[in-house]
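Engineer: In the numbering used here, the protein residues as written are 1057 to 1245. Note that the Cβ used here is the ideal one computed from N, Cα and C, for glycine as well.
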């Protein structure tokens, strides 16, 4: 059935009115009113800067930064030991915590610094238990990494000491030789 131009324009106007009404109500194509846009979580760099520069509200010595290492997994570093632009990039930071608990957590979108995440009050017990388990794993990994660093430093010191002893033995042997620099070849023949 063919419609005249007047009727099709009327239908177009009705559709436009429906779209305008839906837009005013907050309902868009493919979404429902229950699906709302997630609130944007502030970045780890923002949280770091806030803790660093707001000395009145935060004691930076109390904070620990949780990050992922590409090879070791979840690790922790004390806030004063973190160097911006150093070995740990901001995109690898997953949480900030202090003695009272987590203050910012990217995975659960928990933020007590700026109140920007989805969970801004008390975290659910499941999330707390999950994060505590991850924190324990991070502590173990951090302790293992520190032990490995100590072992490597001890090995390096032992090698250096062995080279120094070897050098001293060579120099003592050469200095006790009174016949000159060619005495080694004369004794060898």
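How big is the Cα-Cα spacing for residue 1117 and residue 1208?
Structural biologist: As a working note, residue 1117 is residue 61 in the chain shown. As a working note, residue 1208 is residue 152 in the chain shown. Rounded to the nearest angstrom, the two C-alpha atoms are 28 angstroms apart.
Engineer: Does the beta-carbon of residue 1137 have 16 or more other beta-carbons within 10 angstroms, so that it is buried, or is it exposed?
Structural biologist: To locate residue 1137, count along the chain shown from 1; it is residue 81. With fewer than 16 other Cβ atoms within 10 Å, it is exposed.
Engineer: Could you tell me the alpha carbon to alpha carbon distance between residue 1166 and residue 1196, rounded to whole angstroms?
Structural biologist: If you number the chain shown from 1, residue 1166 lands on position 110. If you number the chain shown from 1, residue 1196 lands on position 140. Taking the straight line from one Cα to the other gives about 24 angstroms.
Engineer: Does the beta-carbon distance from residue 1011 to residue 1157 come in below 8 angstroms?
Structural biologist: With the chain running from 1057 to 1245 in the structure shown, residue 1011 is simply not present.
Engineer: Alpha carbons only, please: which of 1218, 1198 and 1110 is nearest the one belonging to residue 1129?
Structural biologist: Walking along the chain shown from the start, residue 1129 turns up at place 73. Here the closest residue by C-alpha is 1198.
Engineer: Within a Cβ cutoff of 8 angstroms, which residues of the same chain sit near residue 1123, ignoring the five residues on either side of it in sequence?
Structural biologist: In the chain shown, the residue the question calls residue 1123 occupies position 67. Cβ neighbours of residue 1123 beyond the five flanking positions: 1130, 1131, 1132, 1133, 1144, 1148, 1149 and 1150.
Engineer: Just the C-alpha distance for residue 1104 and residue 1191, rounded to the nearest angstrom, thanks.
Structural biologist: Counted from its first residue, the chain shown places residue 1104 at position 48. Counted from its first residue, the chain shown places residue 1191 at position 135. Straight-line Cα distance between these residues: approximately 19 angstroms.
Engineer: How close, in whole Å, do the beta carbons of residue 1146 and residue 1099 come, if the pair is a contact with beta carbons under 8 angstroms?
Structural biologist: Translated into the one-based positions of the chain shown, residue 1146 becomes position 90. Translated into the one-based positions of the chain shown, residue 1099 becomes position 43. Between residue 1099 and residue 1146 the Cβ distance is about 7 angstroms, and since that is below 8 angstroms, they are a contact.
Engineer: Going by beta carbon distance, what residues of the same chain come within less than 6 angstroms of residue 1168, once the five residues before and after it are set aside?
Structural biologist: Counted from its first residue, the chain shown places residue 1168 at position 112. Here the set comprises 1159.
Engineer: With respect to 7 angstroms, is the separation between the Cβ of residue 1095 and the closest non-hydrogen atom of the ligand SAM below this value?
Structural biologist: The ligand content of the structure shown is nil, which means the ligand SAM is not present either.
Engineer: Grab the span of the beta strand (DSSP E) containing residue 1101 for me, first residue to last.
Structural biologist: Walking along the chain shown from the start, residue 1101 turns up at place 45. Here residue 1101 belongs to no beta strand (DSSP E); instead the alpha helix (DSSP H) covers 1100-1109.
Engineer: Please report how far the alpha carbon of residue 1225 lies from the alpha carbon of residue 1210, in whole angstroms.
Structural biologist: As a first step, residue 1225 is located in the chain shown; it is residue number 169 there, counting from the start. As a first step, residue 1210 is located in the chain shown; it is residue number 154 there, counting from the start. Answer to the nearest angstrom: the Cα atoms are 22 angstroms apart.
Engineer: Which value, in whole angstroms, describes the spacing of the CA atoms of residue 1216 and residue 1222?
Structural biologist: For the purposes of this step, residue 1216 is taken as residue 160 along the chain shown, with counting starting at 1. For the purposes of this step, residue 1222 is taken as residue 166 along the chain shown, with counting starting at 1. For residue 1216 and residue 1222, the distance between alpha carbons rounds to 10 angstroms.
Engineer: Kindly indicate which three-state DSSP category residue 1199 falls into: helix, strand or coil?
Structural biologist: What you label residue 1199 is simply residue 143 of the chain shown in a count that begins at 1. It is helical.
Engineer: How would you label residue 1161, buried or exposed, when you count the other beta carbons within 10 angstroms and need 16 or more for buried?
Structural biologist: Here residue 1161 refers to the residue found at position 105 of the chain shown. By the 10 Å Cβ count, residue 1161 comes out buried.
Engineer: Who does residue 1169 pair with in a DSSP beta bridge?
Structural biologist: Translated into positions along the chain shown, residue 1169 becomes position 113. According to DSSP, residue 1169 bridges with nothing at all.
Engineer: Nearest by alpha-carbon distance to residue 1155: which of 1121, 1108, 1125 and 1126 is it?
Structural biologist: Here residue 1155 corresponds to residue number 99 of the chain shown, with the count starting at 1. Residue 1121 is the option with its Cα nearest to residue 1155.
Engineer: Excluding sequence positions up to five away, which residues of its chain have a Cβ less than 7 angstroms from the Cβ of residue 1101?
Structural biologist: Numbered from 1 along the chain shown, position 45 holds the residue referred to as residue 1101. Closer than 7 angstroms at Cβ, skipping near neighbours: 1146.
Engineer: What's the call for residue 1194, buried or exposed, on a 16-neighbour Cβ count within 10 Å?
Structural biologist: As a working mapping, residue 1194 is identified with position 138 in the chain shown. So residue 1194 ends up on the buried side.
Engineer: For residue 1164, count neighbouring Cβ atoms within 10 angstroms of its own Cβ and tell me buried if that reaches 16, exposed if not.
Structural biologist: Start at 1 with the first residue of the chain shown, and residue 1164 comes out as number 108. When all chains shown are included, residue 1164 counts as buried.
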